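Numbering (the working numbering), first residue to last: 14 to 167.
Beta carbons: idealized from backbone N, C-alpha and C, even for Gly.
A quick note: this is a predicted structure, and the numbers were derived from the prediction, not measured.
Structure record follows, encoded as structure tokens.
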């Protein structure tokens, strides 16, 4: 199964923080997408994947982390207070991962990881394209659906 087919099988639905994938629909599709995320991130050699602690994010991030041999670092936002479930060592190579990013959640998690916990951010990745991934700074960004559109255009 290719990534485009897997995304189509899972489908998207609205969520509080933007569109998300319906990861409960098909485990094989989740594996395919998680592996594609890992492959896209592999060249950045992340030691840890930073993800919001939500169901769909966690499912895909677990697959990607397993494929990369990376740790998973889960973030929570309770009443505006950000926490990680585990305290990371500073200066680990980290990638931010989500099904889709909104600008406020991307900015908050990025700052929390880099400025508060001194992680070395090497990339940010999403499955579903979003404006938050199209910034004019030095952090490399990956979007699986944008990459699929470029492949289709070729």
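Residue i (DSSP reduced to helix, strand or coil)
i, result
"residue 38", "coil"
"residue 140", "coil"
"residue 86", "strand"
"residue 23", "helix"
Residue i and residue j closer than 9 Å at C-beta
i, j, result
"residue 138", "residue 122", "no"
"residue 106", "residue 132", "yes"
"residue 70", "residue 112", "yes"
"residue 57", "residue 108", "yes"
"residue 155", "residue 54", "yes"
Cβ distance (whole Å) where residue i is taken to contact residue j below 8 Å
i, j, result
"residue 62", "residue 110", "5 Å"
"residue 35", "residue 23", "5 Å"
"residue 67", "residue 141", "Not confirmed; about 14 Å, so no contact."
Buried/exposed call for residue i, threshold 16 Cβ in 10 Å
i, result
"residue 64", "buried"
"residue 72", "buried"
"residue 47", "buried"
"residue 151", "exposed"
"residue 145", "buried"
Worksheet item: Using 8 Å as the Cβ pair cut-off and three pairs as the minimum, do the stretch 70-87 and the stretch 115-123 touch?
Response: no
Worksheet item: So does the stretch 22-41 actually touch the stretch 85-98, counting three or more Cβ pairs closer than 8 Å?
Response: no
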